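Working notes for the structure below.
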Amino acid sequence: MGVSLTNRRAWTLPLVFLTACGLALGNPGDAPESTYHTTVAEVQLTFSATDQNDHGIATLQAGDFAIVDTDRIVRHPRSFQRAEFTRLELVILVDASGSIRTQLPREIANVTWFVNQTQGVPEENFSIVSFQRQRPTLACAGNCRTGHASGQLPARPEGLTPLYDSVVFAVDLLAQRADAHARKVLILLSDGEDTISQHAAADALQAAMANEIQIYAVATASSSSGGESVLRRFANATGGRYYTVDDAGKVLNAVLEDFHATYTVTYQLPSRAAGYHNVRILPTHNLNLTFRCQGGYYYPGTVR
Amino acid sequence: MKRAVLLLLLFASVTVSTVAQTRTHQEGTIVRMRMAECIGAQHGWMAAMSGSGRVQTGELCPEYVLVTEKVVYLIVGKSSDQLIPLAEYTKYHLQKNELLIRVDDARHESRFHIKEMVLRAEWDRAHQRAEEEEAAQPSRQHLGPALLTNSR
């Protein structure tokens, strides 16, 4: 992953569960003669599954995939089921900074298209944020269709680019607005460059992963400073996807396909090595299947 | 003449049988997988054994640990996208210093460099030792109730 972590503890929250079981043997009322303590660390992972045509797989079986945790292969998960998400919570984050230059009208056209095409997402679960100069601005939240969101976006690109701060802002917004039954999705339209943020890219990524937010990144302009690789990293590490501007129309379809084919799997922590555990899910039979999940989690060390 | 034909047929059948035997697939289980440095074309296990060293290409290729009945193989793919299904059992055979893994119901075989070979018994002992060491590690951090409470 190559991500430096500053607040590592937060990464473990959504993914690693520790179940401590105290078992007392003996008759009720008697002082226990022996007490056994076991500690089991369990990892929970949410992922989506698609086929070679990019269609979500609604009938995935536990035997169709294996989890690669760091380098250990887990074939027999403790539990496997469809995720309990019933709705999407969606934020579109629009780069309106000076680096976008002539691409802003195209970005706004994409946003308008997204707004029109997401009729299946209730208006109250839909927000738009733009960023330029030194901070992000909430264009609309919960009223983006009736409020004509595209008219509230900046008319011209200008200023520096607080990309990472804006991702953190959008993550906070999603975390506040979504409940446990909502799949949180951030669609990011940007060239991937950042020129003024107080947060680092790792902070933004960490915030998204800690809140189980998928980032679907659209590179709206070519970057001279590796912005595309930043966008790719955001997408891959959060179980989202990366698109170039020419494929922007595919984003919504991908979001919906992934949403309808989301599963949750739990498995015993395969290695108690402290540190970052890379995770990927791979097929056991059909190599045409693609699985998308968070890129990993942080395990703080041996548990007492 | 008849005897010559019979001898020829016998020879041919033995040859075919020998070839078939060498191509008979064996089974193993892939227990580990990671992305590691790719190995150049002529720098597999034989090159390592002959002391010519390995040339690493800078790219990352999938590396698997394949555990079989008597030998454990550490194999490396030839390209970054050379993934194989991680089924419970993997069918393979050896051919010219390479390990070929059957993919996609035998319609396709994927060729791997053999990076290392270890006897199964030796690998089992090392594996058990490593697990015991990991289990015996002293507690370094106790995760407090906040983690349990915050967990879903």
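In order, the protein sequence lines correspond to chains Y and E. The numbering of the first sequence is numbering that gives the first Met the number 0, which starts it at 0 and goes up by one. The numbering of the second sequence is numbering that gives the first Met the number 0, which starts it at 0 and goes up by one. We put the beta carbon where it would ideally sit given N, CA and C, even for glycine. Keep in mind the model is a prediction, meaning the values are calculated, not measured.
Secondary structure at residue 131 (chain Y), three-state DSSP: helix, strand or coil? It is a strand residue.
Return the first residue and the last residue of the alpha helix (DSSP H) that residue 231 (chain Y) is part of. From DSSP, the alpha helix (DSSP H) with residue 231 (chain Y) extends over 226-236.
Quick one: grab the DSSP three-state call for residue 293 (chain Y). For residue 293 (chain Y), the secondary structure class from DSSP, reduced to helix, strand or coil, is strand.
I'd like to know if the stretch 111-130 of chain Y and the stretch 201-208 of chain Y are in contact, where contact means that at least 3 CB-CB pairs between them fall below 8 Å. In short, these stretches do not touch, since the Cβ pair count stays below three.
Scan the stretch 51-85 of chain Y for residues whose Cβ lies nearer than 7 Å to a Cβ of chain E and list them as they occur along the chain. Residues of the stretch 51-85 of chain Y that bring their beta carbon within less than 7 Å of a beta carbon in chain E comprise 65, 67, 70, 71, 72 and 74, in sequence order.
Name the DSSP beta bridge partners of residue 277 (chain Y), please? Residue pairing from DSSP places residue 277 (chain Y) in a beta bridge opposite Y:295.
Would you call the CB atoms of residue 66 (chain E) and residue 33 (chain E) closer than 8 Å? Cβ atoms of residue 66 (chain E) and residue 33 (chain E): not closer than 8 Å.
Kindly identify the DSSP beta-bridge partner or partners of residue 61 (chain E). Paired residues: E:34.
Count the C-beta pairs between the stretch 99-112 of chain Y and the stretch 279-291 of chain Y that are closer than 8 Å, then say yes if the count reaches three, no if not. Not touching, per the Cβ criterion.
I want to verify the contact list: residues of chain Y whose CB lies under 8 Å from the CB of residue 103 (chain E), in sequence order. From the beta-carbon of residue 103 (chain E), the residues of chain Y found nearer than 8 Å are 286.
Only counting the same chain, and skipping five residues up and downstream in sequence, which positions put a Cβ closer than 6 Å to that of residue 231 (chain Y)? In chain order, 241 place their CB closer than 6 Å to the CB of residue 231 (chain Y), counting only its own chain and leaving out the 5 sequence neighbours on each side.
For the stretch 178-192 of chain Y against the stretch 56-74 of chain Y, are there 3 or more C-beta pairs whose distance is under 8 Å? No, the stretch 178-192 of chain Y does not touch the stretch 56-74 of chain Y.
Rounded to whole angstroms, what is the Cα-Cα separation between residue 61 (chain E) and residue 73 (chain E)? Each residue's alpha carbon lies about 11 Å from the other.
Check whether the stretch 43-63 of chain Y and the stretch 257-275 of chain Y touch, using three or more Cβ-Cβ pairs below 8 Å as the test. In short, these stretches touch, since the Cβ pair count reaches three.
Please state the DSSP three-state secondary structure of residue 249 (chain Y). In this structure, residue 249 (chain Y) counts as helix in the three-state DSSP scheme.
Segment contact, 8 Å Cβ cut-off, at least three pairs: the stretch 289-298 of chain Y with the stretch 42-50 of chain Y: Verdict: yes, contact present.
Output yes if chain Y places a C-beta closer than 8 Å to the C-beta of residue 73 (chain E); else output no. Chain Y, which has no Cβ nearer than 8 Å to the Cβ of residue 73 (chain E), makes this no.
Taking a cut of 9 Å between CB atoms, which residues from the stretch 262-277 of chain Y lie near chain E? Within the stretch 262-277 of chain Y, the residues whose Cβ lies closer than 9 Å to some Cβ of chain E are 270, 271, 272, 273 and 277, listed in chain order.
Within a Cβ cutoff of 6 Å, which residues of the same chain sit near residue 160 (chain Y), ignoring the five residues on either side of it in sequence? Same-chain partners within the cutoff: 96, 98, 192, 193 and 194.
Could you give the distance in angstroms between the alpha-carbon of residue 133 (chain E) and the alpha-carbon of residue 270 (chain Y)? C-alpha separation (whole angstroms): 8 Å.
Looking only at C-alpha atoms, which of Y:133, Y:41 and Y:86 sits nearest to residue 197 (chain Y)? Answer by Cα proximity: Y:133.
Expected contact under 8 Å - CB spacing of residue 282 (chain Y) and residue 63 (chain Y) to nearest Å: Confirmed, Cβ separation roughly 6 Å.
Residue 283 (chain Y) touches chain E at which residues, Cβ-Cβ below 9 Å? Within 9 Å Cβ-Cβ: 84, 85, 86 and 87.
Determine the closest residue to residue 93 (chain E) out of E:31, E:37, E:112 and E:85, with distance taken between C-alpha atoms. Closest by alpha carbon: E:112.
Segment limits, beta strand (DSSP E) that includes residue 102 (chain E): Note, residue 102 (chain E): beta strand (DSSP E), 97-102.
So if I threshold CB-CB distances at 8 Å, which residues from the stretch 25-41 of chain E count as touching chain Y? Those would be 29, 30, 31, 32 and 33, in chain order.
Looking only at its own chain, which residues have a Cβ that is under 6 Å from the Cβ of residue 71 (chain E), when we skip the five neighbours before and after it? Hits under 6 Å: 117, 119 and 122.
Span of the beta strand (DSSP E) around residue 118 (chain E): Counting along the chain, the beta strand (DSSP E) containing residue 118 (chain E) begins and ends at 107-118.
For a test of the three-state rule: what should DSSP assign to residue 57 (chain Y), helix, strand or coil? In the three-state DSSP reduction, residue 57 (chain Y) falls in the coil class, being neither helix nor strand.
Between residue 305 (chain Y) and residue 207 (chain Y), how many whole angstroms is the CB-CB distance? I'm expecting something under 8 Å. This structure cannot speak to residue 305 (chain Y), because chain Y is shown only from 0 to 303.
Under a Cβ-count criterion, where at least 16 other Cβ atoms within 10 Å of its own Cβ denotes burial, should residue 220 (chain Y) be classed as buried or exposed? By the beta-carbon neighbour count (other beta carbons within 10 angstroms, threshold 16), residue 220 (chain Y) is buried.
List the endpoints of the continuous beta strand (DSSP E) containing residue 182 (chain Y). 181-189 is the extent of the beta strand (DSSP E) around residue 182 (chain Y).
Verify the CB distance criterion: does residue 115 (chain E) have a CB-CB separation below 8 Å to chain Y? By the rule that beta-carbons nearer than 8 Å mark a contact, residue 115 (chain E) does not touch chain Y.
State yes or no: is the C-beta of residue 38 (chain E) within less than 8 Å of the C-beta of residue 85 (chain E)? In this structure, the beta-carbon distance from residue 38 (chain E) to residue 85 (chain E) does not fall below 8 Å.
Determine the direct distance from the alpha carbon of residue 40 (chain Y) to that of residue 165 (chain Y), and round the result to whole angstroms. Linking residue 165 (chain Y) to residue 40 (chain Y) through their CA atoms gives a straight-line distance of about 34 Å.
Out of Y:142, Y:84 and Y:276, point me to the one whose CA is closest to residue 179 (chain Y)'s CA. Each of Y:142, Y:84 and Y:276 was checked against the Cα of residue 179 (chain Y), and the nearest Cα belongs to Y:84.
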